[in-house]
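Numbering (our numbering), first residue to last: 24 to 504. C-beta atoms are modelled at their ideal positions from N, C-alpha and C, and glycine is treated no differently. The structure presented is a predicted model; accordingly, all values stated were derived computationally and were not measured. Only one structure is covered here, and it is reproduced in the block below.
Here it is as structure tokens:
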């Protein structure tokens with residue numbers, strides 16, 4: 024036999040409903056009243072041969088005097104039984120759960136809340152992937168097995184971090200404002216920082232048994248000499264990290280602590296990078312250009328991203344930073360592979376860009392002769408940085424990737440064309456203002472644009488005077504950046 028839930032009314036409505044589990048039986052509260060969440064319709068049908076998922080026909084009462092069905096009537100919030108039930112639920116005096124998942128809701132057990140389901144399966148939260156459980160079952164809330172597996176998979180594959188939608192414009196505007204301000208400063212304004220960076224790199228090389236000759240911001244060993252300029256320092260890496268911190272939602276004290284720890288760490292990593300590249304160039308000059316571009320641009324931007332993600336997880340999300348090693352490994356691997364693939368192709372890409380630049384000047388009545396003399400054009404390797412970030416994030420990027428990635432690639436190509444146009448204006452037309460525009464274009468394309476595109480994907484809703492390590496074959500000198 025099957026227990027039937029009794030309703031009133033001459034013409035009751037019927038619908039199919041799953042059988043409630045045993046632990047969700049209605050119980051009596053204090054004052055001798057029935058459970059208000061269960062109401063008069065609460066009941067359990069024995070399993071018998073139907074099994075747990077069998078269907079039960081439940082009659083629902085007719086509409087009451089207010090014209091609403093009984094399960095949608097507004098119940099007063101100050102009912103004694105309702106208060107007693109809520110107090111008992113909060114106090115922990117609940118029946119122990121049998122371990123089964125809570126059953127679904129019957130009409131009338133909303134407890135005065137149209138969206139409340141005392142016996143409904145727990146709703147999974149967005150942050151943890153766990154469920155809130157049933158108020159009647161006493162369970163603290165456990166996600167289904169499939170939800171747990173997906174949550175662990177996302178935790179293992181993703182950095183667990185992305186800026187909110189409103190923080191992405193704040194991140195971009197902060198970087199643009201600070202970086203534009205530095206471009207208008209003369210190079211001598213950053214001379215103390217450059218001298219300190221060169222001195223620290225020389226001290227590190229001396230400790231490693233490769234003492235260089237230090238003169239101001241020049242490092243030399245034998246016939247090999249490099250110059251530490253502003254791009255060699257941690258200035259722009261610090262601005263990028265500062266933009267991350269400003270765009271975050273942490274408290275001011277945590278932001279100050281993040282800057283106090285993150286910027287010195289980036290400065291130390293940058294000194295190690297300069298010492299390593301200098302030692303490599305002193306031993307084999309053929310590898311100098313390639314090592315400088317990879318470690319100076321791709322690796323440093325990836326390092327800033329890693330430090331920013333670690334700070335965000337600790338200061339904002341409250342999670343330890345040690346749960347993202349697989350993301351960092353993938354980022355390093357895909358960046359290295361993309362760099363090796365792009366290294367022989369960057370000169371052909373620059374030739375295509377030069378064809379577009381010649382066509383533009385031909386529209387203005389000028390005929391240009393542009394010759395490609397370099398094996399490495401460092402301003403094009405922001406494509407490698409973007410490729411590393413995107414490929415490392417493929418397991419957790421959302422489906423809107425194409426709508427964000429396509430405009431982002433067009434923006435990068437446009438910046439490359441603008442940089443070559445500024446280069447022509449500087450050397451062919453001796454335009455001094457073009458040098459600042461060139462520096463602004465290169466720095467924005469190198470630091471901001473790849474990271475900005477990556478942040479939009481995560482949200483998923485999207486050579487001049489200051490050239491780094493520029494080769495001077497006549498004198499054998501290099502400019503370190």
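beta-carbon residue i near the ligand SAH non-hydrogen atom, thresh 7 Å
i           : result
residue 269 : As for the ligand SAH, it is missing from this structure, which has no ligand bound.
Endpoints, the alpha helix (DSSP H) within which residue i is located
i           : result
residue 202 : 190-206
residue 437 : 424-450
residue 405 : 405-415
residue 321 : Neither: residue 321 is in no alpha helix (DSSP H) and is coded neither H nor E.
residue 313 : 311-316
residue 273 : Neither: residue 273 is in no alpha helix (DSSP H) and is coded neither H nor E.
residue 353 : 348-365
Distance between beta carbons of residue j and residue i, contact taken as under 8 Å
i           : j           : result
residue 213 : residue 266 : Rounded, the Cβ-Cβ distance is 19 Å, inconsistent with contact.
residue 244 : residue 233 : 7 Å
residue 259 : residue 470 : 6 Å
residue 327 : residue 263 : 5 Å
Reduced DSSP secondary structure (H/G/I, E/B, other) of residue i
i           : result
residue 251 : strand
residue 175 : Because residue 175 sits at a pLDDT of 48, beneath the cut-off of 50, its placement in the model cannot be relied upon, and the following sentence gives the value as read from the coordinates. Of the three classes helix, strand and coil, the one that applies to residue 175 here is helix, per DSSP.
residue 231 : coil
residue 293 : helix
residue 387 : coil
residue 510 : Within the shown structure, residues of the chain are numbered from 24 to 504, placing residue 510 beyond reach of any answer.
residue 399 : coil
residue 392 : coil
residue 308 : helix
residue 499 : For residue 499, the pLDDT reaches just 32, beneath the cut-off of 50, and the residue's location in the model is therefore unreliable, although a value from the coordinates is still provided. Coil at residue 499, not helix or strand.
residue 303 : helix
residue 256 : coil
residue 453 : coil
residue 332 : helix
residue 209 : coil
residue 528 : With the chain represented from 24 up to 504, any question about residue 528 goes unanswered, as that position is not in the structure.
First and last residue of the uninterrupted beta strand (DSSP E) at residue i
i           : result
residue 236 : 236-238
residue 241 : 241-244
Legend entry - Validate contact between the stretch 319-329 and the stretch 349-363 using beta carbons, cut 8 Å, 3 pairs: The count of Cβ pairs closer than 8 Å, one atom from the stretch 319-329 and one from the stretch 349-363, reaches three, so the stretches are in contact.
Inset, instruction - Indicate whether the contact test is met: 3 or more Cβ pairs, each with one atom in the stretch 367-382 and one in the stretch 286-303, closer than 8 Å. - result: Taking a cut-off of 8 Å on C-beta distances, the stretch 367-382 does not touch the stretch 286-303, as fewer than three cross pairs fall below it.
Inset, instruction - Kindly confirm or deny that the stretch 454-468 and the stretch 390-397 touch, where touching means at least three C-beta pairs closer than 8 Å. - result: Segments in contact, no.
Legend entry - Inter-stretch contact at 8 Å, needing at least 3 Cβ pairs: the stretch 350-358 / the stretch 407-419: In the pairwise beta carbon analysis, the stretch 350-358 is classified as touching the stretch 407-419: at least three pairs are separated by under 8 Å.
Inset, instruction - Tell me, please, whether the stretch 243-254 touches the stretch 207-222 by the rule of three or more beta-carbon pairs shorter than 8 Å. - result: Taking 8 Å as the limit for Cβ pairs, the verdict is that the stretch 207-222 does touch the stretch 243-254.
Legend entry - Segment contact flag, the stretch 380-392 with the stretch 299-312, C-beta cutoff 8 Å, min 3 pairs: The stretch 380-392 makes no contact with the stretch 299-312, as fewer than three CB pairs between them are under 8 Å.
Legend entry - the stretch 402-409 touching the stretch 424-443, judged by at least three CB pairs closer than 8 Å: Verdict: yes, contact present.
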